[in-house]
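Number of protein chains: 2
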Amino acid sequence: MGEINIKQLACELNLSAATVSRALRDSHEISSETKARVLEMAKKLNYEPNPFASNLRGQKSKTIAVIVPEIANNFFSLAINGIEEVARERDYHVLIYQTHESSAIETSFLNRLLSGRVDGVLISLACENVDKEHFKKISNQLPVVFFDRVHDDIDGVKITTDDYESAYNAVQHLIENGCKKIGYLSALNALSTGKKRLQGYLDALKDNDFPDDGNLIMKSGANNDENYTLIKNFIAEHKPDGILSSIEELAMPCYYACKELNLNIPVDLKLISFSNLAHAQLLNPSLTTINQPAFEIGVEAAGILFKIFNKRWYEPNQTIILKSNLIKRESTRAIA
Amino acid sequence: MGEINIKQLACELNLSAATVSRALRDSHEISSETKARVLEMAKKLNYEPNPFASNLRGQKSKTIAVIVPEIANNFFSLAINGIEEVARERDYHVLIYQTHESSAIETSFLNRLLSGRVDGVLISLACENVDKEHFKKISNQLPVVFFDRVHDDIDGVKITTDDYESAYNAVQHLIENGCKKIGYLSALNALSTGKKRLQGYLDALKDNDFPDDGNLIMKSGANNDENYTLIKNFIAEHKPDGILSSIEELAMPCYYACKELNLNIPVDLKLISFSNLAHAQLLNPSLTTINQPAFEIGVEAAGILFKIFNKRWYEPNQTIILKSNLIKRESTRAIA
DNA sequence: TTTATTTACGTAAACGTTTACGGAATAATA
DNA sequence: TATTATTCCGTAAACGTTTACGTAAATAAA
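Residue numbers (my numbering), protein chains in the order written: chain A, 1 to 336; chain B, 337 to 672.
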């Protein structure tokens, strides 16, 4: 309807479309008076250049894609928040896609994005096994920055947190506060993110001369209901006095399971989890968390993507590691 | 790089670009053998049509925009989740923008979207006062569906929840459980969403012959820190024995304030809040919430937008109201 | 004065699709 | 056989920009 284009604008001004285009882009080939006239008329008629025409001509989309497992997740929504803010500063647009942890969907999204719809992609991998070869093809055609959920076997720029150290320190904290039998709720096993957390757990146990008991590692299931059952049985059977949960989604069920099993946190069981829950402080008991700088990860990842766009990034395989924050609360309090 | 276009594909097949295009869109003008050949070669060469060229030609973007105040918010992230799923089913792309409650930013986003970048917009309004005239211009040029944060003075299709009834019932619940002096933490005052919640509160008080005391209505401040101070002072000064919070962001500080003031929830103060916190159950004490069907709102809103696209929507000003769910928990327990 | 340079703008091509139009070959009908 | 309809495909224009190229006028340099 209102859709006014550059030709009509030019006509209104008795100029050619080329002149108008150049004036709007502040070209030195246009006199300042003409520029002023054009700007004024453009404002008056509410002219907005058609992005598809621009993009088609210029092969730039001014758009980036963000691919995450889930949007409704404390970590990812914060990361997207950071990404959006950076994009906005640069007048870029942000497309979002969620994979629901399916690498098939992930691959399908990536393929669709190869058409030039976006200038670059920020991705946090689905936890399923990935087709690494496919990723190589992708990143040859499109700048990609990985964040948080990364894979060692896939080359690329990566922003992560200090997963190994965080897990290690978490276990150390449990031990210092009296735990003798520490369980691990594992997830993201196919990704280096998950592997590092697990390794941190294992090494901390070893360094403290804890026995190497594979039974204390629980693998997460397919959905929340299954996870709850798994966790309840895990606790009931193995009776750990401390648990490190590799993701928030596995820590919450521990509360319910402990209530069901009549176990007191932290007396009978101390709990610590990777989590970006805003109000871990208000849980009963308050939850000791490994808090990842989610917003900053988003900002950093987006920032690097823009550096790549501007040819100001020279480390195609660099991994940037931000520090997580261990926040000690009631759920791991030492019992006198 | 790899970017293959329809001409190269056509060349490879000894066909014209037109034939290839038609074959890919399954036109009846193309023989089935040719179609098969084209499809095969397209798959083989990983051909993806350039969306900008298609959009430019067809004046369709296959993209929708979602404008929300904040992404990192339990309600909005769930709504976006719903929207994304519906969009995905239809092979649509989703752009997200956050206004951080600024109507200036909101207006600026909307203006940029008028260029044809998207086929439609889903918006949840910023809580600042809005330029209603501007919205009229917008919705003449672009299909817009409002969700949750809506404004009575702005025409359009709207998806909301039963804000009035929810607030009314919440207050009724507080009264039934013994509250004599019920405060209201107000927000979104410029929007009908906020006005209806407030009115529900007021009418419930009136219907129960409670005195009309404006002092018991607290207006939210500019940020979390200010809100905390406001709330603490509010509780300390007016000593309500019940509080209805119109948004989750005002309920959480109540916990901290009560701890600070040595007040026990629910003994000294009962608390209920509009909230989509996943684990309200685990708070200390567990929080009674008015749970909005956030995901469903997203699904519904997106569904209607697609109906509008397909000319299957005939009610330009209909408001669809979904029901919220009052979940009673410890924070409003009656004290014997 | 002649020639070179700069300024300021217009013309037209290009980006990669889709589609109106047309046409040749084949099949159907008279 | 002559006419009409159908099938299948190609040509070219169009979508709205941006930009290489050209050019006329004005200015500077020779």
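For glycine and all other residues, C-beta sits at the position ideal for the given N, C-alpha and C.
What is the rounded straight-line gap between the Cα of residue i and the Cα of residue j?
i: residue 42 of chain A; j: residue 374 of chain B; result: 44 angstroms
i: residue 628 of chain B; j: residue 389 of chain B; result: 41 angstroms
i: residue 436 of chain B; j: residue 234 of chain A; result: 43 angstroms
i: residue 415 of chain B; j: residue 454 of chain B; result: 19 angstroms
i: residue 173 of chain A; j: residue 203 of chain A; result: 14 angstroms
i: residue 128 of chain A; j: residue 190 of chain A; result: 6 angstroms
i: residue 192 of chain A; j: residue 342 of chain B; result: 39 angstroms
i: residue 300 of chain A; j: residue 162 of chain A; result: 15 angstroms
i: residue 654 of chain B; j: residue 493 of chain B; result: 5 angstroms
i: residue 346 of chain B; j: residue 60 of chain A; result: 25 angstroms
i: residue 188 of chain A; j: residue 651 of chain B; result: 46 angstroms
i: residue 601 of chain B; j: residue 608 of chain B; result: 11 angstroms
i: residue 1 of chain A; j: residue 475 of chain B; result: The predicted model places residue 1 of chain A with a pLDDT of 39, which falls under 50 and marks its position as unreliable, so this point remains unresolved.
i: residue 486 of chain B; j: residue 473 of chain B; result: 17 angstroms
i: residue 578 of chain B; j: residue 513 of chain B; result: 10 angstroms
i: residue 645 of chain B; j: residue 660 of chain B; result: 28 angstroms
i: residue 372 of chain B; j: residue 426 of chain B; result: 24 angstroms
i: residue 33 of chain A; j: residue 27 of chain A; result: 13 angstroms
i: residue 17 of chain A; j: residue 24 of chain A; result: 11 angstroms
Does residue i have its Cβ less than 8 angstroms from a Cβ in chain B?
i: residue 98 of chain A; result: yes
i: residue 261 of chain A; result: no
i: residue 183 of chain A; result: no
i: residue 218 of chain A; result: no
i: residue 71 of chain A; result: yes
i: residue 112 of chain A; result: yes
i: residue 134 of chain A; result: no
i: residue 226 of chain A; result: no
i: residue 53 of chain A; result: yes
i: residue 324 of chain A; result: no
Tell me whether the beta-carbon of residue i lies closer than 8 angstroms to the beta-carbon of residue j.
i: residue 439 of chain B; j: residue 484 of chain B; result: no
i: residue 120 of chain A; j: residue 305 of chain A; result: yes
i: residue 110 of chain A; j: residue 63 of chain A; result: no
i: residue 232 of chain A; j: residue 257 of chain A; result: yes
i: residue 115 of chain A; j: residue 386 of chain B; result: yes
i: residue 331 of chain A; j: residue 282 of chain A; result: no
i: residue 4 of chain A; j: residue 45 of chain A; result: yes
i: residue 22 of chain A; j: residue 29 of chain A; result: yes
i: residue 295 of chain A; j: residue 58 of chain A; result: no
i: residue 184 of chain A; j: residue 201 of chain A; result: yes
i: residue 146 of chain A; j: residue 113 of chain A; result: no
What first and last residue would you give for the alpha helix (DSSP H) that runs through residue i?
i: residue 299 of chain A; result: 294-309
i: residue 392 of chain B; result: 387-394
i: residue 475 of chain B; result: 468-477
i: residue 273 of chain A; result: Where residue 273 of chain A is concerned, there is no enclosing alpha helix (DSSP H), although the beta strand (DSSP E) it sits in stretches over 270-274.
i: residue 121 of chain A; result: Looking at the DSSP string, residue 121 of chain A is not in any alpha helix (DSSP H); the run it does join, the beta strand (DSSP E), is 120-123.
i: residue 325 of chain A; result: Taken as a continuous stretch (DSSP letters only), residue 325 of chain A belongs to no alpha helix (DSSP H), being part of the beta strand (DSSP E) at 325-327.
i: residue 230 of chain A; result: 224-238
i: residue 32 of chain A; result: 32-44
i: residue 520 of chain B; result: It is not in any alpha helix (DSSP H) - residue 520 of chain B instead sits in the beta strand (DSSP E) that spans 518-522.
i: residue 167 of chain A; result: 163-176
i: residue 546 of chain B; result: It is not in any alpha helix (DSSP H) - residue 546 of chain B carries neither H nor E in the DSSP assignment.
Using C-beta distances below 7 angstroms, list every residue in its chain close to residue i, excluding the 5 sequence neighbours before and after it, in chain order.
i: residue 169 of chain A; result: 326
i: residue 186 of chain A; result: 194, 198, 217, 218, 219, 220, 246
i: residue 303 of chain A; result: 86
i: residue 459 of chain B; result: 403, 480, 482
8 angstroms is my cut-off, CB to CB: does residue i come that close to chain A?
i: residue 581 of chain B; result: no
i: residue 619 of chain B; result: yes
i: residue 430 of chain B; result: yes
i: residue 348 of chain B; result: no
i: residue 588 of chain B; result: yes
i: residue 392 of chain B; result: yes
i: residue 414 of chain B; result: yes
i: residue 353 of chain B; result: no
In terms of residues, what are the limits of the beta strand (DSSP E) holding residue i?
i: residue 434 of chain B; result: 429-434
i: residue 291 of chain A; result: 288-291
i: residue 363 of chain B; result: Unbroken run through residue 363 of chain B: none, as it is neither H nor E.
Leaving out the 5 sequence neighbours to the left and right, which residues in its chain are closer than 8 angstroms to residue i when beta-carbon positions are compared?
i: residue 277 of chain A; result: 74, 248, 283, 287, 289
i: residue 215 of chain A; result: 238
i: residue 261 of chain A; result: 232, 235, 236
Keeping to the same chain, check which residues put their C-beta closer than 6 angstroms to that of residue i; ignore five residues upstream and five downstream.
i: residue 155 of chain A; result: 317
i: residue 433 of chain B; result: 403, 445
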